[in-house]
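Student:
Protein chains: 2
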Amino acid sequence: MDKKIILLTNDDGIEAKGLSTLYNILKKDKKFDIRVVAPDKESSAVGHAITVFDPISVRKKYKNGVFFGYAVDGTPADCVKLAIKAILDKTPDLLISGINRGANLGDNIIYSGTVSAATEGTVYDVSSIAVSVDNLKDLDYSYAAKFTNKIANLILDNGGLPKGTILNINIPDVLEDNIKGVKITCQSDAKFKDIFIKRVDPRGRDYYWMDGEFAKVSGSKNGDYSAIKDNYISVTPIHYDMTDYKAIKYFKKWKIDKKI
Amino acid sequence: MDKKIILLTNDDGIEAKGLSTLYNILKKDKKFDIRVVAPDKESSAVGHAITVFDPISVRKKYKNGVFFGYAVDGTPADCVKLAIKAILDKTPDLLISGINRGANLGDNIIYSGTVSAATEGTVYDVSSIAVSVDNLKDLDYSYAAKFTNKIANLILDNGGLPKGTILNINIPDVLEDNIKGVKITCQSDAKFKDIFIKRVDPRGRDYYWMDGEFAKVSGSKNGDYSAIKDNYISVTPIHYDMTDYKAIKYFKKWKIDKKI
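Taken in order, these protein sequences are the chains called G and L. Each residue of the first sequence is one higher than the one before, counting from 23 in our numbering. Each residue of the second sequence is one higher than the one before, counting from 23 in our numbering.
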């Protein structure tokens with residue numbers, strides 16, 4: 023039987039340690055055919071951007087003389103589109119985006135290149151997950167990679183994810199022994215508090231630097247943010263149907279017509 | 023009583039006709055205090071990108087010697103963040119993103135700068151709508167602008183939108199008389215069929231151009247795509263909670279633990 027194909031991508035770039043650790047762990051047990059198509063440089067906070075006005079260059083990337091994958095001069099979503107529609111000879115059985123340096127939780131996932139790559143896989147009906155570690159330093163990703171390997175096996179043994187569902191997985195920044203367990207969560211209402219630092223350039227023109235920190239968390243105890251803070255691994259099923267179904271009835275009552 | 027403040031932004035850029043037509047119509051009846059903070063250039067398909075590693079410059083923009091608004095060297099989401107947190111003296115009562123050249127329907131809204139700007143407003147609890155016309159030419163936006171003015175009044179008369187709900191409005195590309203009415207819709211499963219055109223540069227390296235067209239539409243008859251094809255104005259309530267609530271029960275049954 024052919025090996026299952028796993029496509030790896032990320033938003034930290036093809037050189038990122040989180041990606042290579044995951045690659046090595048998945049390669050190790052020789053069950054999977056691993057392909058890498060990732061941005062040639064870091065592209066965090068790009069959201070679900072795609073490149074439509076510029077050409078996208080693709081180069082083969084070697085590590086220690088061995089072919090590692092394709093480096094794409096584009097966004098994470100570009101990588102997934104290109105991988106599935108142009109680079110790979112077969113559609114992958116699973117897409118893993120990560121392992122990302124830094125958590126993707128709460129409202130923040132709308133800015134996440136990591137999550138957008140997984141979303142893009144789902145657009146093509148490929149089972150897709152995003153994996154992040156709650157640490158902005160390049161720590162040891164081995165536990166996270168092994169846990170991801172386990173999840174990959176679980177998904178493929180179950181015949182893939184339900185159509186349209188993406189798993190957004192976050193792993194707390196503690197030693198393995200201190201991880202309390204795994205929670206199936208919802209996206210919490212955790213917001214960044216944005217801070218803009220205003221500067222004036224030498225020609226007298228205004229410019230701003232954006233900075234921020236998690237500030238306001240509300241909503242369900244079953245949220246992703248609470249799970250991570252309590253040292254649980256958070257697994258959030260998400261989808262890209264943004265329809266607010268509960269609101270449809272409300273707006274029908276407005277009886278909007280075309281008259282102006 | 024103070025006038026209600028409406029913040030206008032878009033992803034076609036501060037020079038776009040859709041934006042200026044809307045500005046003029048809203049200005050006309052003098053009920054609102056209109057502010058414009060928009061990208062200094064076109065930034066379609068940027069998704070929900072924000073600028074975190076670079077400074078963002080902001081310049082005042084004049085039209086015929088009169089102050090028009092702020093031109094931001096950033097994404098639509100940057101514009102909204104900056105407007106609310108740094109540029110405006112007061113939080114706007116309503117944010118309108120548009121009027122966009124080209125529809126934002128189905129799966130496509132995940133790539134949309136227009137929709138992401140409206141989403142960003144909602145992150146700050148500002149009632150926000152995205153408005154697009156199903157035409158890629160710079161046609162006459164007057165009907166769309168007048169309809170948007172009516173919706174703006176409706177929203178403000180109702181005390182704003184429900185917390186977290188965004189309205190994604192699309193207007194069909196037909197004369198006013200041929201518009202059949204207004205439908206409250208859901209996000210349809212309308213996918214782009216991506217086409218990549220492969221080229222080789224003079225140095226022998228591969229690059230790709232992305233192209234595409236709407237191809238696969240399935241799902242509900244109440245979808246935004248069907249409404250537009252049938253010449254109805256489509257009003258879709260959306261939100262940025264991506265949680266797939268129906269899937270939570272399913273994954274709990276997997277009984278995932280932390281063991282590796």
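Note that CB positions come from ideal geometry on N, CA and C, so glycine has one too. Please read all numbers here as calculations on a predicted model, not as lab measurements.
#1: Which residues does DSSP pair with Trp231/L in a beta bridge?
#2: So which residues of chain G does Thr73/L contact, with C-beta pairs closer than 7 Å?
#3: Can a CB atom of chain G be found closer than 9 Å to the CB of Thr141/L?
#4: Among Thr187/G, Ala174/G and Gly186/G, whose alpha-carbon lies nearest the alpha-carbon of Ile282/L?
#5: If you count every other CB in all the chains shown that lies within 10 Å of the CB of Gly143/G, and 16 or more means buried, which is it?
#6: Can you check whether the C-beta of Ala99/G is within less than 9 Å of a C-beta belonging to chain L?
#7: Determine, using beta-carbon pairs with one atom in the segment 111-121 of chain G and one in the segment 130-148 of chain G, whether at least three such pairs fall under 8 Å.
#8: Rounded to a whole number of angstroms, what is the C-alpha to C-alpha distance between Asp95/G and Val102/G?
#9: Contact defined as beta carbons within less than 8 Å: I believe Ala167/L pairs with Ile191/L. What is the distance between those atoms, to the nearest angstrom?
#10: Can you tell me whether Asp223/L is buried or exposed, with buried defined as 16 or more other CB within 10 angstroms of its CB?
#11: Buried or exposed: Ile78/L, going by 16 or more other Cβ atoms within 10 Å of its Cβ?
#12: On the DSSP letters alone, give me the boundaries of the alpha helix (DSSP H) that Phe169/L sits inside.
#13: Is there a Cβ of chain G sitting closer than 9 Å to that of Phe273/L, yes or no?
#14: Counting contacts by CB-CB distance shorter than 9 Å, is Lys49/L in contact with chain G?
#15: Please tell me whether Ala249/G has its Cβ less than 9 Å away from any Cβ of chain L.
#16: Since Asp55/L is in the beta strand (DSSP E), which residue starts that stretch and which ends it?
#17: Tell me whether the segment 69-87 of chain L and the segment 53-69 of chain G touch, counting them as touching only if at least three CB pairs, one residue from each stretch, are closer than 8 Å.
#18: List, in chain order, every chain B residue whose beta-carbon is nearer than 9 Å to that of Tyr229/L.
#19: If you draw a straight line from the alpha carbon of Asp162/G to that of Lys63/L, how long is it in whole angstroms?
#20: Pick from Ile206/G, Ile27/G and Ser210/G: whose alpha carbon is nearest that of Lys274/L?
#21: Could you list the residues in the segment 141-165 of chain G with a C-beta less than 7 Å from some C-beta on chain L, going in chain order?
#22: Grab me the residues of Ile131/L's own chain with a C-beta within less than 6 Å of its C-beta, minus the 5 sequence neighbours each way, in chain order.
#23: Taking Cβ positions, are Pro259/G and Thr258/L nearer each other than 9 Å?
#24: If you draw a straight line from the alpha carbon of Pro194/L to that of Ser154/L, how long is it in whole angstroms?
#25: From Leu117/L to Lys52/L, what does the alpha carbon distance come to, in whole angstroms?
#26: Please go through the same chain and pick out, in chain order, the residues whose beta-carbon is closer than 8 Å to the beta-carbon of His261/G, but skip the five residues on each side of it.
#27: So, with DSSP's three-state summary, where would you put Gly186/G?
#28: So for Leu116/L, helix, strand or coil by DSSP?
#29: Ignore the nearest five residues each way along the sequence and tell me which others in Lys11/L's own chain have a CB closer than 7 Å to its CB.
#30: Using only the alpha-carbon positions, how far apart do Asp216/L and Ile27/L sit?
#31: Could one say the Cβ of Ala108/L lies closer than 9 Å to chain G's Cβ atoms, at least one of them?
#32: I'd like to know whether the C-beta of Leu197/L is nearer than 9 Å to at least one C-beta of chain G.
#33: Can you find the residues in the same chain that come closer than 6 Å, C-beta to C-beta, to Tyr230/G, ignoring five residues on each side of it along the sequence?
#34: From Asp156/G, Gly128/G and Thr97/G, pick the residue whose C-alpha is nearest to that of Ile121/G; which is it?
#35: Do the CB positions of Ile106/L and Leu178/L come within less than 9 Å of each other?
#36: Between Asn253/G, Ala140/G and Ala125/G, which has its C-alpha nearest Ile201/G's C-alpha?
Tutor: For this structure:
#1: Ile219/L.
#2: Met232
#3: yes
#4: Ala174/G
#5: buried
#6: yes
#7: The segment 111-121 of chain G, when compared against the segment 130-148 of chain G, does touch it at the 8 Å Cβ threshold.
#8: 12 Å
#9: With 8 Å as the limit, Ala167/L and Ile191/L do not qualify as a contact, their Cβ atoms being about 12 Å apart.
#10: exposed
#11: By the 16-neighbour rule on beta-carbons within 10 angstroms, Ile78/L is buried.
#12: Ser164 to Asp179 is the extent of the alpha helix (DSSP H) around Phe169/L.
#13: yes
#14: It does not; no Cβ of chain G falls within 9 Å.
#15: no
#16: Phe54 to Pro61
#17: Contact holds between the segment 69-87 of chain L and the segment 53-69 of chain G, because three or more Cβ pairs, one in each stretch, are under 8 Å apart.
#18: Considering every chain present, this structure includes no chain B. Its protein chains are G and L.
#19: 41 Å
#20: Distance check between Lys274/L and each of Ile206/G, Ile27/G and Ser210/G places Ile206/G closest, using alpha-carbon atoms only.
#21: Thr141, Val145 and Tyr165
#22: Val137
#23: no
#24: 9 Å
#25: 17 Å
#26: Thr144, Gly186, Thr187 and Ile188
#27: coil
#28: strand
#29: Not covered by the structure: residue 11/L. The range shown for chain L is 23 to 282.
#30: 40 Å
#31: yes
#32: Leu197/L does not count as touching chain G.
#33: Once the five neighbours on either side are set aside, the close Cβ partners of Tyr230/G are Phe218 and Lys220.
#34: Asp156/G
#35: Ile106/L is not a Cβ neighbour of Leu178/L, given a cutoff of 9 Å.
#36: Ile201/G has its Cα closest to that of Asn253/G, out of Asn253/G, Ala140/G and Ala125/G.
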